[in-house]
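Participant: This is the structure I want to talk about, given as structure tokens.
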Amino acid sequence: GIHYYPVSDVRQGIVHIVGPEQGWTLPGMTVVCGDSHTATHGAFGALAHGIGTSEVEHVLATQTLIQ
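My numbering numbers the first residue of the sequence shown as -18 and each following residue consecutively.
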């Protein structure tokens, strides 16, 4: 379910802007991202956490967060 958007695609951008703009951020979903502005997704009813790069690797591999 991962879509590739080339650099010249108009849907490219910063994750905390593109997610809500494209309708990917939905109320009740959990969002984690290696960006300090990730909490922006909370304005759309999502539970959002900014995480570090090692945690991003873990989330991509296991779809879980380390406690």
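Beta carbons: idealized from backbone N, C-alpha and C, even for Gly.
Since we're looking at a predicted model, the values are computed, not measured.
#1: Which residue wins for smallest C-alpha separation from residue 10, given the options 1, 20, 0, 27?
#2: Using C-beta distances below 6 Å, list every residue in its chain close to residue -14, excluding the 5 sequence neighbours before and after it, in chain order.
#3: Let me check one thing: in DSSP terms, what residues is residue 31 bridge-paired to?
#4: Under three-state DSSP, which class holds residue -1?
#5: For the putative contact between residue -2 and residue 15, defined by C-beta atoms under 8 Å, what is the C-beta separation to the nearest angstrom?
Facilitator: Quick look at the numbers:
#1: Its Cα nearest to that of residue 10, the residue 27 stands out among 1, 20, 0, 27.
#2: Here the set comprises -8, -7.
#3: Beta-bridge analysis with DSSP links residue 31 to 14.
#4: Residue -1: helix per DSSP, three-state reduction.
#5: That belief does not hold up - the Cβ atoms of residue -2 and residue 15 are roughly 15 Å apart, past 8 Å.
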